[in-house]
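Undergrad:
Numbering (UniProt numbering), first residue to last: 1 to 598.
1. Given this structure, state the Cα-to-Cα distance separating residue 183 from residue 227, to the nearest angstrom.
2. What first and last residue would you give for the alpha helix (DSSP H) that runs through residue 412?
3. Let's test the definition: count the other Cβ atoms within 10 Å of the Cβ of residue 211 and tell me whether it reaches 16, buried, or not, exposed.
4. Can the beta-carbon of residue 503 be found closer than 8 Å to that of residue 573?
5. Taking the alpha carbon of residue 209 as the reference point, which residue from 134, 152 and 215 has its own alpha carbon closest?
6. Taking 6 Å as the limit between beta carbons, can you name the residues of its chain near residue 1, skipping five residues before and five after?
7. Name the residue from 119, 128 and 137 whose alpha carbon lies nearest to the alpha carbon of residue 98.
8. Name the one or two DSSP bridge partners that residue 234 has.
9. By alpha-carbon positions, which one of 371, 424 and 487 ends up nearest to residue 116?
10. Which residues bound the alpha helix (DSSP H) around residue 270?
11. Output the boundary residues of the beta strand (DSSP E) element that contains residue 5.
12. Sort 141, 581 and 83 by Cα distance to residue 128 and report the nearest one.
13. To the nearest whole angstrom, what separates the beta carbons of residue 150 and residue 168, a pair I think is in contact under 8 Å?
14. Please report the residue range of the beta strand (DSSP E) in which residue 245 lies.
15. On the premise that residue 272 lies in contact with residue 193, defined as a C-beta separation below 8 Å, what is that separation, rounded to the nearest angstrom?
16. Note the first and the last residue of the continuous beta strand (DSSP E) segment covering residue 200.
17. Tell me the residue span of the alpha helix (DSSP H) that contains residue 300.
18. So, is residue 597 buried or exposed, given that buried needs 16 or more other C-beta atoms within 10 angstroms?
19. Can you find a CB in chain B that lies within less than 8 Å of the CB of residue 479?
20. What's the C-alpha gap between residue 205 and residue 387?
21. Within a Cβ cutoff of 8 Å, which residues of the same chain sit near residue 577, ignoring the five residues on either side of it in sequence?
22. May I have the straight-line CA-CA distance separating residue 333 from residue 5, to the nearest angstrom?
23. Inspect the beta-carbon positions of residue 375 and residue 112 and report whether they are closer than 8 Å.
24. Quick one: what's got a C-beta closer than 7 Å to residue 425's C-beta in the same chain, skipping five residues either side?
25. In whole angstroms, give me the CA-to-CA distance for residue 486 and residue 541.
26. Distance, Cα to Cα, residue 146 vs residue 364?
27. Suppose contacts are defined by Cβ-Cβ distances below 8 Å. Is residue 263 in contact with residue 419 by that definition?
28. Determine the closest residue to residue 286 out of 217, 305, 259 and 28, with distance taken between C-alpha atoms.
29. Pick out the complete alpha helix (DSSP H) segments inside the segment 102-155, 4 residues or longer, and give them in chain order.
30. Is residue 455 near residue 465, with beta carbons less than 8 Å apart?
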């Protein structure tokens with residue numbers, strides 16, 4: 001039977017949260033002691049209701065009427081602000097935060113599942129609270145008590161929103177090359193001058209204030225990334241009593257217009273260029289977060305959260321595309337089975353055609369596999385933060401570090417593939433604006449780019465993560481996977497487990513070959529292929545985990561899980577070895593290609 005919602009499948013969320021990840025066991029920990037399965041389910045019900053009634057209805061409207069830059073201000077459709085007011089009013093911005101901020105202290109695993117509804121329903125509108133929550137968590141972790149008190153509570157309440165301002169027009173992802181300057185002032189503040197590009201949510205009229213977290217360099221500091229510091233730069237200065245003061249010198253210079261994600265303002269911001277000069281002095285007023293020259297370390301707190309969140313967003317955009325394609329395939333009639341000889345016989349629903357089921361099964365394996373990956377990483381966050389034993393916290397931290405580039409990049413690659421397949425299932429209609437799948441694809445195409453391109457994630461995985469602590473992260477990942485394959489011995493999934501064991505062993509051996517080459521340029525030349533191979537191994541493992549978690553009874557839901565697991569085993573896992581063959585050969589094709597040949 002079709003899922004009751006075309007946004008997400010609640011039955012799948014319940015399976016992943018309760019039957020697989022056992023989030024209810026978290027209520028034994030002091031932080032979550034006030035919760036129960038009933039409270040978790042209630043907030044998921046609320047999320048589905050608000051996403052369905054307030055976010056999904058204006059998804060296409062926001063796409064067709066993107067924000068406009070008019071007389072120095074942003075204008076956008078009013079439905080965005082109304083939806084966000086409902087979201088904040090329901091306490092969902094505060095969901096995971098401490099009770100002292102008015103939060104519910106939800107586990108991160110539940111919080112991610114809750115927010116998945118909004119990303120799937122309307123990724124453009126959901127970007128504003130997504131960035132705000134990450135901003136607030138960074139300040140709680142690294143800001144001063146005064147900064148936390150001044151900025152976090154208004155953001156958690158939804159009165160102010162937050163951003164992260166990293167990139168610059170000339171630097172892009174190369175943060176070592178940023179030129180925004182921060183000059184120390186006698187009163188302990190800093191004055192910032194420079195330009196920031198691609199700042200999502202960088203300006204709007206949705207809230208009273210916007211809290212920018214800005215990377216800048218203090219003159220005299222070390223060169224490169226070691227000289228980067230982090231600053232709070234509010235759009236409006238805040239007086240001692242918490243009220244808003246004069247406008248800071250942060251000026252909207254223009255909006256970027258993207259092929260998707262159109263509901264989110266994406267901005268070019270000028271800091272300290274004289275548009276507003278608080279106190280008559282040049283520069284935007286900024287407040288140092290933590291210590292000087294440690295800004296990138298602090299910002300990675302927000303960036304890593306954003307990277308996993310981007311992966312979740314890519315997953316659920318692929319997921320909603322799959323659900324729309326599934327409904328279409330169950331209702332659209334066209335053609336006849338190959339064995340049908342009578343051309344006058346009734347046309348069949350296209351889901352009865354084998355190749356359509358192939359496409360749907362592939363999309364299901366990508367969407368549900370990606371969702372399992374995102375929620376597993378969220379469960380690691382809960383372990384890292386609340387596990388009783390220090391060694392359990394350390395283990396979760398190390399495994400999360402290892403999985404973060406995969407959790408960002410694999411869904412960002414295969415979520416759009418799921419949407420591409422959804423378009424294909426719709427046929428010619430899928431390529432028109434009469435159906436929403438073309439927008440899902442356009443929205444999803446951003447995800448391999450922002451918060452660190454997939455190429456950067458490959459360099460991070462092969463160049464940093466597999467080497468940290470003398471390979472401890474890669475060993476831990478391998479041990480975690482083989483613990484699952486050991487549980488599969490003697491079951492119907494023993495063959496899947498044996499093939500997964502072989503892939504894990506070979507991934508480790510090829511990693512040693514790559515770093516034994518003695519030339520980092522050769523090793524890293526095919527880092528993206530390494531990322532793809534590792535990502536497929538991880539998602540295959542999570543499909544085996546899901547298969548083992550299914551109950552023995554034969555229901556459509558459990559049979560569907562087992563079919564998707566078999567698909568990933570037979571169709572996707574073998575592709576790992578093609579990539580590993582390339583890596584093992586230390587191939588130089590790309591490395592040795594001269595630019596004049598292209």
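Ideal Cβ positions, reconstructed from N, Cα and C, are used throughout, including at glycine.
TA: In brief:
1. Taking the first residue of the chain shown as position 1, residue 183 is located at position 183. Taking the first residue of the chain shown as position 1, residue 227 is located at position 227. Near 13 Å, if we compare the C-alpha coordinates of residue 227 and residue 183.
2. To locate residue 412, count along the chain shown from 1; it is residue 412. Per DSSP, residue 412 belongs to the alpha helix (DSSP H) from 390-426.
3. As a first step, residue 211 is located in the chain shown; it is residue number 211 there, counting from the start. Buried, by the Cβ-count rule.
4. Taking the first residue of the chain shown as 1, we reach residue 503 at position 503. Taking the first residue of the chain shown as 1, we reach residue 573 at position 573. Yes.
5. In the chain shown, the residue the question calls residue 209 occupies position 209. Minimum Cα distance to residue 209 is reached at 152.
6. Here residue 1 refers to the residue found at position 1 when the chain shown is read from its first residue. Because the pLDDT at residue 1 is just 34, under 50, the model does not fix this residue reliably, and the point stays unresolved.
7. Position 98 of the chain shown, counted from the first residue, corresponds to residue 98. Among 119, 128 and 137, the Cα nearest to that of residue 98 is on 137.
8. For the purposes of this step, residue 234 is taken as the residue at position 234 of the chain shown. BP columns for residue 234 point to 211.
9. Counted from its first residue, the chain shown places residue 116 at position 116. That would be 371, whose Cα lies nearest to the Cα of residue 116.
10. Locating residue 270 in the chain shown gives position 270, counting from the first residue. Unbroken run through residue 270 is the beta strand (DSSP E), 266-271; no alpha helix (DSSP H).
11. If you number the chain shown from 1, residue 5 lands on position 5. Note, residue 5: premise wrong, no beta strand (DSSP E); not H, not E.
12. Position 128 of the chain shown, counting from 1, holds the residue named residue 128. Answer by Cα proximity: 83.
13. The residue given as residue 150 occupies position 150 in the chain shown. The residue given as residue 168 occupies position 168 in the chain shown. At roughly 27 Å, the Cβ-Cβ gap does not stay under 8 Å, so residue 150 and residue 168 are not in contact.
14. As a working note, residue 245 is residue 245 in the chain shown. Per DSSP, residue 245 belongs to the beta strand (DSSP E) from 244-247.
15. Within the chain shown, residue 193 is the residue found at index 193, counting from 1. Within the chain shown, residue 272 is the residue found at index 272, counting from 1. About 4 Å; that satisfies the 8 Å criterion.
16. Along the chain shown, read from residue 1 onward, the residue named residue 200 stands at position 200. Looking at the DSSP string, the run of the beta strand (DSSP E) that includes residue 200 is 190-200.
17. Position 300 of the chain shown, counted from the start, is the residue given in the question as residue 300. Residue 300 -> alpha helix (DSSP H) spans 295-331.
18. Here residue 597 refers to the residue found at position 597 when the chain shown is read from its first residue. Answer is exposed; the Cβ neighbour count stays below 16.
19. Among the chains in the structure shown there is no chain B, since it carries only a single protein chain.
20. In the chain shown, residue 205 corresponds to position 205, counting from 1. In the chain shown, residue 387 corresponds to position 387, counting from 1. In a straight line, the C-alpha of residue 205 is about 41 Å away from that of residue 387.
21. In the chain shown, the residue the question calls residue 577 occupies position 577. Once the five neighbours on either side are set aside, the close Cβ partners of residue 577 are 503 and 506.
22. By one-based count along the chain shown, residue 333 stands at place 333. By one-based count along the chain shown, residue 5 stands at place 5. Distance between the alpha carbons of residue 333 and residue 5: 22 Å.
23. As a first step, residue 375 must be located in the chain shown, where it is residue number 375. As a first step, residue 112 must be located in the chain shown, where it is residue number 112. Yes, Cβ-Cβ distance for residue 375 and residue 112 is below 8 Å.
24. Reading the chain shown from its first residue, position 425 is the one you call residue 425. For residue 425, where only same-chain residues beyond five positions count, the Cβ hits under 7 Å are 325, 328, 329, 356, 359 and 360.
25. Translated into the one-based positions of the chain shown, residue 486 becomes position 486. Translated into the one-based positions of the chain shown, residue 541 becomes position 541. Cα to Cα, residue 486 sits roughly 12 Å from residue 541.
26. Taking the chain shown and counting its residues from 1, one reaches residue 146 at position 146. Taking the chain shown and counting its residues from 1, one reaches residue 364 at position 364. C-alpha separation (whole angstroms): 47 Å.
27. Along the chain shown, read from residue 1 onward, the residue named residue 263 stands at position 263. Along the chain shown, read from residue 1 onward, the residue named residue 419 stands at position 419. Not closer than 8 Å, so no.
28. Numbered from 1 along the chain shown, position 286 holds the residue referred to as residue 286. Of the listed residues, the one whose Cα sits closest to residue 286 is 217.
29. 108-121 and 123-142
30. On the chain shown, position 455 is the one that residue 455 refers to. On the chain shown, position 465 is the one that residue 465 refers to. Cβ distance not < 8 Å, so residue 455 and residue 465 don't count as in contact.
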